[in-house]
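For reference, the structure is listed below as structure tokens.
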Amino acid sequence: MEKTKVGIIGLGTVGSGVAKLLLDHGDRTARHAGRVLWLEKAAVRDLAKPRGCDLPDGILTDNVDQVIDDPEIEVVAQLIGGIEPARTLMLRLLKAGKDVVTANKALLAEHGPEIFDAARELGRSVAFEASVAGGIPIIANIGQCLSANQITSLHGILNGTSNFILSKMHDGDDYAAAVSEAQRLGFAETDPAMDVDGTDAAQKLAILAHLAFGARVDWGDIPRTGIDTLDVVDVRFAQEMGYKIKLLAVADLVESVSGQGGLELHVSPTLVRAGSPLAEVSGPFNAVRVDADAVGRLLFYGPGAGQMPTASAVVADLIDTAVGRTKLTFQTLELWSNRAARVSAAAYAGARGRFYFRAMVDDHPGVLAKVTQAFGDHDISIASVLQHEATSQGDPLPLVVMTHETTEGAAARACQEITRLDCVRTEPVRMWVRD
Ligand code: NDP
Ligand code: HSE
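Offset between the sequence shown (1-based) and the working numbering: plus 46.
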């Protein structure tokens, strides 16, 4: 059988999984590729670190040039995180004539146009199935399998770490302990702040929005709130009212006033009705709900992070690249090309939905009247109010208000007004509600 020589840069959680699949299951990859995917070199920083896989002699190096400058290596899985040196290495690999497979969504969301332009100019390809939702084949489905459709909506649980932490909090565990556990299990980013502040989900949403809607959105412009703002008291209230809190990444195509389509995008902790499919996605699992005009509603569910699920997506990309499929789709999709965007972002303030508010208020006469008046002043109708008796006198009490449908702008203005009330101790917590 012919050989395609493969290089890996980065042999951490994901890279070691890729090496295991290539080395231990070469027969499987050869059957699908019609050729042997031969692991030639793997570059790391520290040769002394254990890798959790049996690497034949001569494969491991701490010199990336041995991968980049080896003329026999045709395709490289670039599996280091962050922006630099990942960006420079990516450009060097493309210039050296390699096709590249990556799982690095931060790099693509930040430097997609530069990297994809370089690949097109050099006649190379970049495959990135593992960059969104780990083991779920969402990039291929949205980029290719749904091409006959106009996608109208994408709602996703895209950050496994946040979902894992939220699941633990719903089970009564502590936030900090759940973060450490996610790091130990290998699915948190090197800087877990990027998982819990909504950055990682916004970067993945920017990639999906580009594929699904032709939107060129800067991930930094996507309104986002992470789970790091949450208190366990909100989890308890959500449970009491029949909801679960999920970090949802949302892209909805809406008609604008001018009749043109606009794309509403945001990442926010959201109360999702318990028992609905997205509410029941727990642990490090991801899910993406897609609505499209021809096919209807689809739900993709599976492991969104972790060693072998992510490696599964990387190796599928290596096979597609080795047999030439990636190059075909890469050229036709014109990813992040200079073509005008097909749709632009709609104003977040106009996005419609229901909201949960929780304020810490004094236990005094007239407090409820003042808070509810603020909602009325902004034309927001209240669906329910929840407060429990104080357990110790003088302490502020949580007051929860669930609204009927309104706009994000009105909800934000009401929140500001409530923050200014002298009976309210801190800025209220505000979350979307999806029934
Ligand atoms: P790790 O931190 O576990 O591994 C990173 C690897 O890159 C390490 O082997 C490290 O070497 C190597 N590395 C870093 N800098 C260099 C350098 N300058 N030269 C050579 N090697 C270098 O990261 P993950 O495997 O978890 O993640 C890799 C990418 O995949 C990231 O972009 C991440 O966002 C993405 N991803 C991760 C998932 C997961 O579940 N972990 C899921 C989906 C995507 P050394 O080991 O010697 O330090
Ligand atoms: N840190 C990411 C997550 C890894 O928790 O989802 C997968 O991209």
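Glycine included, each C-beta is placed from N, C-alpha and C at the ideal position.
Check, Outcome
"Can Gly-321 be considered in contact with ligand 1, in the sense that its beta carbon sits closer than 7 Å to one or more heavy atoms?", "no"
"Going by DSSP in three states, Val-60 sits in which element: helix, strand or coil?", "helix"
"Quick check on DSSP: helix, strand or coil for Ile-119?", "strand"
"For Ser-171, which residues in the same chain have their Cβ closer than 7 Å to its Cβ, ignoring the five residues on either side in sequence?", "Asp-145, Ala-165, Thr-367, Thr-372, Lys-373 and Phe-376"
"For Ser-177, which residues of its own chain have a beta-carbon under 8 Å away from its beta-carbon, when the five flanking residues on both sides are left out?", "Thr-148, Ala-149, Asn-150, Lys-151, Leu-154, Ile-185, Lys-250 and Ile-253"
"With C-beta atoms as the reference, is Ile-291 less than 8 Å away from Thr-316?", "yes"
"Helix, strand or coil: how does DSSP classify Val-361 here?", "helix"
"How should Leu-293 be labelled, buried or exposed, when 16 other C-beta atoms within 10 angstroms of its C-beta is the threshold for buried?", "buried"
"Under three-state DSSP, which class holds Ser-208?", "helix"
"Taking the C-alpha atoms as reference points, what is the distance between Arg-24 and Asp-111?", "For the chain, the structure presents residues 47 to 481; residue 24 sits outside this window and is missing."
"Alpha carbon to alpha carbon, how far is Val-121 from Lys-141?", "12 Å"
"Taking the Cβ atom as the reference point for each residue, do Val-52 and Leu-83 lie within a distance shorter than 8 Å?", "yes"
"Just to confirm, is the Cβ distance from Gly-181 to Ser-427 under 8 Å?", "no"
"For the alpha helix (DSSP H) containing Val-327, list its first residue and its last residue.", "Val-327 -> no alpha helix (DSSP H), and no H or E assigned at all."
"Rounded to a whole number of angstroms, what is the C-alpha to C-alpha distance between Phe-421 and Gly-266?", "30 Å"
"Compute the minimum distance between the beta carbon of Lys-95 and the heavy atoms of ligand 1, and state whether it is under 7 Å.", "yes"
"Just the Cα atoms here: how many angstroms apart are Ser-193 and Leu-381?", "14 Å"
"Can the beta-carbon of Ala-392 be found closer than 8 Å to that of Val-300?", "yes"
"By the 10 Å Cβ neighbour count, where 16 or more other Cβ atoms means buried, how is Glu-130 classified, buried or exposed?", "exposed"
"Does Asn-332 pass the burial test, meaning 16 or more other C-beta atoms within 10 Å, or should it be called exposed?", "buried"
"Going by C-alpha to C-alpha distance, which of Leu-257, Thr-207 and Thr-59 sits closest to Ala-239?", "Thr-207"
"Quick check on the DSSP output: what are the complete beta strand (DSSP E) runs of length 3 or more inside the region 81 to 144, in order along the chain?", "82 to 89 and 119 to 124"
"Leaving aside the five residues before and after Ile-188 along the sequence, list all residues of the same chain whose C-beta is less than 6 Å from its C-beta, in chain order.", "Leu-257 and Ala-258"
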